[in-house]
Amino acid sequence: MPTVGFDEVAVLIDGRRQLLLSGAVHYPRSTPAMWRRIFRESRQAGLNAIETYVFWNLHEHRKGRLDFSGRLDLPRFLRTAQEEGLHAILRIGPYICAETNFGGLPPWLIHEPGLVSRTDNEPFKRCMEEWCRTLLARIGDLQATRGGPIVLVQLENEYNNVARRYGEAGQRYADWVVALAPRVGIEVPLIMCEGSAEGAIETLNGFSVAERVPEMRRHRPHQPLLWTENWPGWYDTFGVAHHERDVREIAYDVIRFFAAGGTGVNYYMWQGGTNFGREAMYLQTTSYDFDGPVDEYGW
Numbered sequence: 000m001p002t003v004g005f006d007e008v009a010v011l012i013d014g015r016r017q018l019l020l021s022g023a024v025h026y027p028r029s030t031p032a033m034w035r036r037i038f039r040e041s042r043q044a045g046l047n048a049i050e051t052y053v054f055w056n057l058h059e060h061r062k063g064r065l066d067f068s069g070r071l072d073l074p075r076f077l078r079t080a081q082e083e084g085l086h087a088i089l090r091i092g093p094y095i096c097a098e099t100n101f102g103g104l105p106p107w108l109i110h111e112p113g114l115v116s117r118t119d120n121e122p123f124k125r126c127m128e129e130w131c132r133t134l135l136a137r138i139g140d141l142q143a144t145r146g147g148p149i150v151l152v153q154l155e156n157e158y159n160n161v162a163r164r165y166g167e168a169g170q171r172y173a174d175w176v177v178a179l180a181p182r183v184g185i186e187v188p189l190i191m192c193e194g195s196a197e198g199a200i201e202t203l204n205g206f207s208v209a210e211r212v213p214e215m216r217r218h219r220p221h222q223p224l225l226w227t228e229n230w231p232g233w234y235d236t237f238g239v240a241h242h243e244r245d246v247r248e249i250a251y252d253v254i255r256f257f258a259a260g261g262t263g264v265n266y267y268m269w270q271g272g273t274n275f276g277r278e279a280m281y282l283q284t285t286s287y288d289f290d291g292p293v294d295e296y297g298w
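Take a look at the structure:
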């Protein structure tokens, strides 16, 4: 089976450095009938990877009741991507933000006695570990190390935004997250965006990140430079005009990043899709178009 690793230049697949050109497609925001066409369009456009968050809040909306059917069929989503010649980057979180309710955390966590999320809190860590084990039991065989498409996995998400609130307990939690990965069956390299702990590749998010490369190089000299969220637009909220971004600006910022040594970029979103039901966060529109290259309907 293939090996997946990294050096200071790039992600290594079977010992060969890979330039990762990825696009974010959230499986719950589209339908299984759309996936293959989206992937085919993406491959033809030059991508070699697809990235998605994992939506714990949808898979286990009620404690102990799991749903991986229909548009929540993550294994099918990943297998279809592989059939279309694409790697996969899986961002488990379980806090994912993603403009979804509770940032991807299921609502029943509120009722767990003594639980405080995203810190060195035993009730939260227990629930998070149980969920990760449940998920890896379903998709673990889809890691590249077992012949599947998954080449990178992310746990946690943009932790710098809350790290000051939790202080030393937060750092202990981040260290625990890194140690959790192999314990639940993650065999490919672990990434963490905008805040990390030793043992994970720290990645960058933003409209433009080339200017942050020197600092990242000083801080993380032995890892590749990966851009997990290159925003081609922004999400829409009710009462505000649709957000767009000049494609020339996007191209210029990507070129600057590669010129600075970057070897992986993920367009967030590549295909934004639709917020079904009541799954969107406060004031978020039904459309999650994000001005992505592939529109809400997969074209």
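Heads up: the sequence shown at position 198 corresponds to 197 in numbering that gives the first Met the number 0, and the numbers run straight through without jumps. For each residue, glycine too, the CB sits at the ideal point set by N, CA and C.
Minimum C-alpha distance to residue i - residue among the options
i	options	result
M268	S195, L65, Q81, A97	A97
A168	L104, S116, G276	S116
L151	Y296, W298, L11, D245	L11
N156	Y172, G146, R145, E243	Y172
G184	Y158, I138, G146, N229	I138
Y165	K62, N120, W130, R244	N120
P93	L104, A9, H86	L104
F54	T284, N274, D294	N274
G320	H242, P213, Q283	With the chain running from 0 to 298 in the structure shown, residue 320 is simply not present.
E7	R16, P1, M0	R16
R163	T79, G194, P220	G194
R255	H242, Q283, L224	L224
A258	E248, A209, Q283	A209
L141	Y287, W298, M0	M0
M33	V3, A80, N159, A250	A80
T284	L189, E197, V239	V239
E186	Y287, V161, A199, T144	T144
T133	A196, H58, R244, P122	H58
H241	R247, L73, I249, P231	P231
L203	V246, Y158, A178	Y158
T30	R75, R42, V176	R75
W175	F237, A199, L73, L18	A199
L108	T118, V293, F123	F123
A178	W298, G4, F237, E128	E128
H86	G147, P106, R61	G147
A9	H221, K62, R217	H221
G271	D294, Y52, A250, V264	D294
P106	R78, H60, C126, I95	H60
S286	E243, T236, R247, D245	T236
Where the beta strand (DSSP E) through residue i begins and ends
i	result
T51	48-52
S21	19-24
Y266	263-270
F5	3-5
T285	Note, T285: premise wrong, no beta strand (DSSP E); not H, not E.
L11	10-12
E228	225-229
For residue i, the first and last residue of its enclosing alpha helix (DSSP H)
i	result
L57	55-58
V253	246-258
E243	Careful: E243 lies outside any alpha helix (DSSP H) and carries neither H nor E.
F237	Taken as a continuous stretch (DSSP letters only), F237 belongs to no alpha helix (DSSP H), as it is neither H nor E.
F275	Neither: F275 is in no alpha helix (DSSP H) and is coded neither H nor E.
E40	31-43
Assumed close pair residue i, residue j - CB separation to whole angstroms, cut-off 8 Å
i	j	result
L154	M215	In fact, because the Cβ distance is near 19 Å, the residues do not count as touching under 8 Å.
I252	F206	It should be noted that the sequence gives Asp, not Ile, for residue 252. About 7 Å; that satisfies the 8 Å criterion.
P27	L71	6 Å
L89	I149	5 Å
N42	G14	Checking the sequence, you will find Arg at residue 42 rather than Asn. At roughly 24 Å, the Cβ-Cβ gap does not stay under 8 Å, so R42 and G14 are not in contact.
E201	R219	5 Å
T262	L18	5 Å
N265	E50	5 Å
Residue i: CB within 7 Å of a non-hydrogen atom of the ligand NAD
i	result
V293	In the structure on display, the ligand NAD does not appear, and there are no ligands present to speak of.
Length at least 3, wholly inside the segment 78-130: the beta strand (DSSP E) runs in chain order
86-92
Using a Cβ distance threshold of 8 Å, determine whether the segment 18-38 contacts the segment 46-60, with at least three qualifying pairs required.
yes
If you scan the segment 132-212 from start to end, which runs of the alpha helix (DSSP H) of 4 or more residues do you find wholly inside it?
159-182
Tell me, please, whether the segment 278-296 touches the segment 91-111 by the rule of three or more beta-carbon pairs shorter than 8 Å.
Enough Cβ pairs lie closer than 8 Å, so yes.
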